[in-house]
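Report on the structure given below.
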Amino acid sequence: MLEIDKVRGALLGEVCGDALGYPMKTLTTGKIIRRFGPFGLRTMITSKNKKAKALVSDSTQMMLATVDGLLWSDAKKLSSSDGVYRGFMRWFYSQTGEEPRRGQKSWTRRQPHEKDLCLVREKFMHERRMPETGVLNALSNEEKGTTDKDINNSKGSAVLTRNIPLGILYWDKPEEAFSVGAEISALTHSHATAYLAGGAVASLVSYLINGISLPKSIDKVNYLLSSRKGGENIIKLLTAAVEQANKHPAGKSGVWEHLDSIRSLGGGDIAEEALAIAVYCATVMDDPFEAVITAANHDGCSTVTGALTGALEGIRFGTSFLPAYWVECVEASEITSKMADMLFETEEKQRLTAQ
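Numbering (our numbering), first residue to last: 3 to 357.
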């Protein structure tokens, strides 16, 4: 059964990992050490001009836009892809200030599923937090991307975090989670490696929610990838991530001891690299808190790798591994908790209706 603490753990873990990594997103390891000390950044950096809140990036914005879209899908009886597309377009208009296209103006208004909260009215959703240019360009295209229709050749790692809530909603159908994850990933990322990596995240989340161990979940994800053209490189990197983790002795270790292994997997700017780094950190570290710290402190895309690792650990360990201070000081934590509850209630309602 789906447990509310796993849902909250996944979404709040993503938010906290993202906020931890955001100040380091463009920093080299040398600059991280000079700015934050020899042990790297191990706590939240709050922004004085944002009421002492730790800021989140576009990774969290897109994840919450996906939750919004899935709730929209349920309320309006749309496909998951159609509902999520509406959520993405709301985010796009919030980011760009562009006038909504014909037929989409009503999407920017409060919707029936938003009786208790309205994501589009949250100020942080309108803030530019270094969004992937390819995502904005894709959503500016009047044609939607699909797995059969390319609109770009993007492999960017921004495709990953949107699949966390999808894996939750489809927790008892991992194969369907994979397919629908690839579909919503292809809305903005046309490279097969990117949208298949998105599907891999969705199915990985589903397997973990079912109580399957991380190593066995990765094996199952690799099996799904093996039947899809373009999945080979993802399998290769996931296998390398596990092999690198197995080289390290179990137990706690310093964050920089893992830097060479992380670098061997890439920087995390492209989808399969970020997924592999998150899997490595969650596999190699016994302590979920240290896993998130390790995932964020490196030369690459600290936001996505920190966010995805936080989500994986949140599913496995629940909210208890997150320091209360972290949750309290992140700008998006309150609405994320509420949306986690709404997603849980939606899944429960759909499951009971289907019986």
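By construction, the Cβ of each residue, glycine as well, lies at the ideal position given by its N, Cα and C atoms. Fair warning: this is a prediction, and the values are worked out from it, not measured in the lab.
So residue i and residue j are supposed to be a Cβ contact under 8 angstroms. How far apart are they, rounded?
i: Gly-42; j: Val-306; result: With 8 angstroms as the limit, Gly-42 and Val-306 do not qualify as a contact, their Cβ atoms being about 17 angstroms apart.
i: Cys-303; j: Lys-33; result: Wrong, their Cβ atoms sit about 15 angstroms apart, outside the cutoff.
i: Glu-333; j: Lys-55; result: 4 angstroms
i: Leu-277; j: Ala-202; result: 6 angstroms
i: Met-287; j: Ala-293; result: 4 angstroms
i: Val-268; j: Asp-301; result: Note on residue identity: the sequence assigns Gly, not Val, to residue 268. The Cβ separation is near 10 angstroms, so there is no contact.
i: Asn-165; j: Gly-200; result: 5 angstroms
i: Leu-345; j: Leu-29; result: Going by Cβ atoms, the distance from Leu-345 to Leu-29 rounds to 33 angstroms, so no, they are not a contact pair.
i: Leu-358; j: Arg-131; result: Coverage of the chain is limited to positions 3 through 357, which leaves residue 358 absent and any answer about it impossible.
i: Val-122; j: Arg-92; result: 5 angstroms
Assuming residue i is part of the alpha helix (DSSP H), what are its boundary residues?
i: Ser-208; result: 194-211
i: Val-161; result: Where Val-161 is concerned, there is no enclosing alpha helix (DSSP H), given that its DSSP letter is neither H nor E.
i: Gln-246; result: 234-249
i: Leu-227; result: 216-228
i: Tyr-172; result: Tyr-172 -> no alpha helix (DSSP H), and no H or E assigned at all.
i: Val-137; result: 135-142
i: Asp-60; result: 60-78
i: Met-344; result: 335-356
i: Thr-31; result: 31-38
i: Tyr-24; result: From DSSP, Tyr-24 is part of no alpha helix (DSSP H); its letter is neither H nor E.
i: Pro-102; result: Run containing Pro-102: none; DSSP gives neither H nor E here.
i: Pro-176; result: 176-187
i: Trp-109; result: Looking at the DSSP string, Trp-109 is not in any alpha helix (DSSP H), and its letter there is neither H nor E.
Assign residue i to buried or exposed, taking buried as 16 or more other Cβ atoms, counted over all protein chains shown, within 10 Å of its Cβ.
i: Tyr-87; result: buried
i: Thr-163; result: buried
i: Gly-23; result: buried
i: Ser-263; result: buried
i: Ser-219; result: buried
i: Pro-25; result: buried
i: Thr-348; result: buried
i: Leu-354; result: exposed
i: Arg-230; result: buried
i: Ser-228; result: exposed
i: Tyr-327; result: exposed
i: Ser-176; result: Checking the displayed sequence, the identity of residue 176 turns out to be Pro instead of Ser. Buried, by the Cβ-count rule.
i: Arg-380; result: The structure shown does not extend to residue 380, since the chain is modelled only from 3 to 357, so the question has no answer here.
i: Gly-213; result: exposed
In chain order, which alpha helix (DSSP H) runs of at least 4 residues are fully inside the stretch 258-282? For the alpha helix (DSSP H) assignment, the uninterrupted runs of no fewer than 4 residues enclosed by the stretch 258-282 are, from N- to C-terminal side, 261-267.
With three or more C-beta pairs closer than 8 angstroms as the rule, is the stretch 48-67 touching the stretch 326-345? The stretch 326-345 and the stretch 48-67 touch, with no fewer than 3 CB-CB distances between them shorter than 8 angstroms.
Cβ contact check for the stretch 162-170 and the stretch 127-146: 3 or more pairs under 8 angstroms: Using a C-beta cut-off of 8 angstroms, the stretch 162-170 makes no contact with the stretch 127-146, since fewer than three inter-stretch Cβ pairs fall below that distance.
Are the stretch 147-157 and the stretch 193-213 touching by the rule of at least three beta carbon pairs closer than 8 angstroms? Counting Cβ pairs under 8 angstroms, three or more are found: they touch.
Stretch-stretch touch, CB-based, cutoff 8 angstroms, three pairs: the stretch 98-118 with the stretch 319-336: No, they do not touch.
Using 8 angstroms as the Cβ pair cut-off and three pairs as the minimum, do the stretch 234-245 and the stretch 8-20 touch? The stretch 234-245 vs the stretch 8-20: no contact.
Starting from the N-terminal side, write out each stretch of the alpha helix (DSSP H) that is 4 residues or longer and does not extend beyond the stretch 287-312. 290-298, all fully within the stretch 287-312.
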